[in-house]
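This report concerns only the one structure given below.
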Ligand code: FCB
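Numbering (my numbering), first residue to last: 5 to 467.
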């Protein structure tokens, strides 16, 4: 009894600390949940190709069925309503809209997202649409993908097509999700699609992703008639020093430029971090006149994805910026199934840093969450105490950041549903809702029930 009322009390005090109009959300991405990869005119994406390539994805898993969300969208929105979400972040599959990447539009693709958006709005849930969450049409990859400058123009064309249809209804537009991952994991170390291993290509791809973002901004805004905000989501894994030796501080700065500033600085400051290309031992990407102005056009908000931190230990000679030594495991630290340390202060301090050093107008935490090995015994419950603590501690971290002035306006937990975790296939569960992949049954986990209670308490406080 006492523990229940204590935790109820903690939850209530937490709910009271969030500002008015705070958005309570959950996030997903098209390839990770939709399935129906061969339906209604969708063209192939780089993830279909990558997943079909032996040895690339855990046990050869692919997104053909995933959570079958394409057919179960109404049921999934009913679950969002049950959770009391005020916002939902999803992504639009470019190959459903433009099966060849550009040119002919597939109306059934647009229809699907229009129905999703309209249903969300009818339930009072604000739609946040990400235009690119990694499922590049394969036809564009065949011409070089993000290594090819033309892909940036194709992206802007695609963004405008979607905005023309939904610009009166979507509440928040996110051009790209984590271009760092698209560039470095996709073209640098090849862990993600399209699986290219060439560090110079990663820098070139990063530049073209940024250019695509910048070119898309005005083309989206031209069709926004409901006051919607337009931004971008970046991933951050803040570095912390393992000791105070000068070489550790030097390597930490190198790591920071690579991990957290490579794509942020061009957007906010209009330039790449100083010495970044030199510290990567690479050439600058092909920057053309006017590119940096296009890339640094003002955004309405920055979407922040954060899961963990890295602890850096300096080495001699100085390492390349992407090869700094990380200390792990840290004795006494706790880790998720991804091997990521649970360190809520990283999110808190990151939000404060973005506010103080980058003066961003608005921040949303567009992803944050944890994978643990959940067990479902066939009943009505899934107990996931570690995810529940992770969620609670990170929300407390956000409160600390808000208290220091960080303009955080919403939180989207990753993820609404267990789903296809890219190269890890279905082996990692991040959902606050459990998915039994055999039956496609959904069970709200304890963390999801806790989140629903928190949202309810917040709403009562605000009423
Ligand atoms: C992020 C991705 C998201 C999900 C989480 C765990 O990098 O944006 O799709 O896979 O990691």
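Just so you know, even glycine gets a beta-carbon here, dropped at the ideal spot from N, CA and C.
Treat the numbers as computed from the prediction; the structure is a model and nothing was measured.
Counting C-beta neighbours from all protein chains within 10 Å, is the total for residue 93 16 or more, i.e. buried, or is it exposed? Flag for residue 93 reads buried.
Going along the chain, which residues of its own chain have a beta-carbon closer than 6 Å to the beta-carbon of residue 311, five neighbours each way excluded? The residues are 344.
I need the DSSP call for residue 342, collapsed to helix, strand or coil. Three-state result, residue 342: coil.
Do residue 193 and residue 204 have their C-beta atoms closer together than 8 Å? Contact flag unset, no.
Every unbroken beta strand (DSSP E) within the stretch 283-320, with a cutoff of 3 residues, ordered by chain: The qualifying runs are 305-310 and 314-317.
In its own chain, which residues sit with a C-beta less than 7 Å from the C-beta of residue 275, not counting the 5 before and 5 after it? Once the five neighbours on either side are set aside, the close Cβ partners of residue 275 are 269 and 296.
Tell me residue 244's beta-bridge partners as DSSP assigns them. The partner list for residue 244 (beta bridge, DSSP) reads 315.
Decide if the stretch 167-178 is in contact with the stretch 130-139; the criterion is three or more beta carbon pairs, one per stretch, under 8 Å apart. Flag = yes, the stretch 167-178 and the stretch 130-139 touch.
Check whether the Cβ atoms of residue 187 and residue 150 sit closer than 8 Å, and answer yes or no. Yes; because the gap between Cβ atoms is below 8 Å, this pair is in contact.
Within the 8 Å Cβ cut-off, does residue 124 reach chain E? You won't find chain E in this structure, because it holds only one protein chain.
CA-to-CA distance, residue 39 to residue 89, given in whole angstroms: In this structure, the alpha-carbon of residue 89 lies about 23 Å from that of residue 39.
What separation, rounded to the nearest whole angstrom, lies between the Cα atoms of residue 308 and residue 443? One C-alpha to the other measures close to 34 Å.
Look at the alpha carbon of residue 432 and the alpha carbon of residue 326, and state the distance between them as a whole number of angstroms. Their backbone Cα atoms lie some 25 Å apart in a straight line.
Taking C-beta to C-beta, are residue 24 and residue 466 nearer than 8 Å? Yes, the pair counts as a contact, with Cβ atoms nearer than the cut-off.
Span of the alpha helix (DSSP H) holding residue 95? Not the alpha helix (DSSP H): residue 95 falls in the beta strand (DSSP E), residues 91-95.
Leaving out five residues before and five after residue 287 in sequence, what residues of the same chain have Cβ atoms less than 8 Å from its Cβ? Here the set comprises 204, 207 and 281.
Meets three-Cβ-pair contact criterion under 8 Å: the stretch 26-39 and the stretch 70-88: Touching, yes.
Taking the C-alpha atoms as reference points, what is the distance between residue 125 and residue 222? Looking at the two C-alpha atoms, the distance is approximately 25 Å.
Check the C-beta distance from residue 32 over to residue 283 and give it rounded, since I have them as a contact under 8 Å. At roughly 36 Å, the Cβ-Cβ gap does not stay under 8 Å, so residue 32 and residue 283 are not in contact.
Exposed or buried, which one is residue 36 when buried takes at least 16 other CB atoms within 10 Å? Its Cβ being crowded by 16 or more others within 10 Å, residue 36 is buried.
With distances taken between CB atoms, is the gap from residue 405 to residue 451 smaller than 8 Å? Pairing residue 405 with residue 451 gives a Cβ-Cβ distance that is not under 8 Å.
Along the chain, where does the beta strand (DSSP E) that runs through residue 413 open and close? Unbroken beta strand (DSSP E) run through residue 413: 412-418.
Would you say the beta carbon of residue 472 comes nearer than 7 Å to a heavy atom of the ligand FCB? The question about residue 472 has no answer here: the residues shown for the chain are numbered 5 through 467.
What residue range does the alpha helix (DSSP H) around residue 43 cover? Where residue 43 is concerned, there is no enclosing alpha helix (DSSP H), given that its DSSP letter is neither H nor E.
Return yes when the Cβ of residue 141 is within less than 8 Å of the Cβ of residue 102, no when it is not. Yes. Within cutoff.
Considering only residues of the stretch 170-226, which uninterrupted beta strand (DSSP E) runs meet the minimum length of 3 residues and lie entirely inside it, listed in chain order? Along the stretch 170-226, the beta strand (DSSP E) occurs as fully enclosed runs of 3 or more residues at 176-181, listed in sequence order.
Can you name, in chain order, every residue of its own chain whose Cβ lies under 6 Å from the Cβ of residue 65, other than the five neighbours on each side? If we look at residue 65 and ignore the five residues flanking it on each side, its Cβ neighbours are 429 and 430.
Just to confirm the assignment: which complete beta strand (DSSP E) runs, minimum length 3, are found wholly within the stretch 348-405? Inside the stretch 348-405, DSSP marks whole beta strand (DSSP E) runs of 3 or more residues at positions 367-371, from first to last along the chain.
Near residue 53, which residues of its chain fall below 6 Å by C-beta distance, leaving aside the five closest residues on each side in sequence? Sequence-distant partners of residue 53 (beyond 5 residues in either direction) whose C-beta falls short of 6 Å from its own C-beta, in its chain, are 142.
Label residue 19 either buried or exposed according to how many other C-beta atoms from any shown protein chain fall within 10 Å of its C-beta, with 16 as the threshold for buried. With 16 or more Cβ atoms within 10 Å of its Cβ, residue 19 is classed as buried.
Could you tell me the alpha carbon to alpha carbon distance between residue 60 and residue 434, rounded to whole angstroms? Taking the straight line from one Cα to the other gives about 21 Å.
Beta carbon of residue 115, beta carbon of residue 49: below 8 Å? Contact annotation: residue 115 and residue 49 have beta-carbon atoms that are not nearer than 8 Å.
I want to know whether the stretch 350-368 touches the stretch 325-340 - three or more CB-CB distances under 8 Å. No: fewer than three Cβ pairs fall under 8 Å.
Taking 7 Å as the cut-off, does the CB of residue 13 come closer than this to any heavy atom belonging to the ligand FCB? It does not: the Cβ of residue 13 is nowhere closer than 7 Å to a heavy atom of the ligand FCB.
Write down the C-beta distance between residue 16 and residue 461 rounded to the nearest angstrom, noting that I regard them as a contact closer than 8 Å. With a Cβ gap of about 5 Å, residue 16 and residue 461 count as contacting.
First and last residue of the alpha helix (DSSP H) that includes residue 98? For residue 98, the uninterrupted alpha helix (DSSP H) run begins and ends at 98-101, by DSSP.
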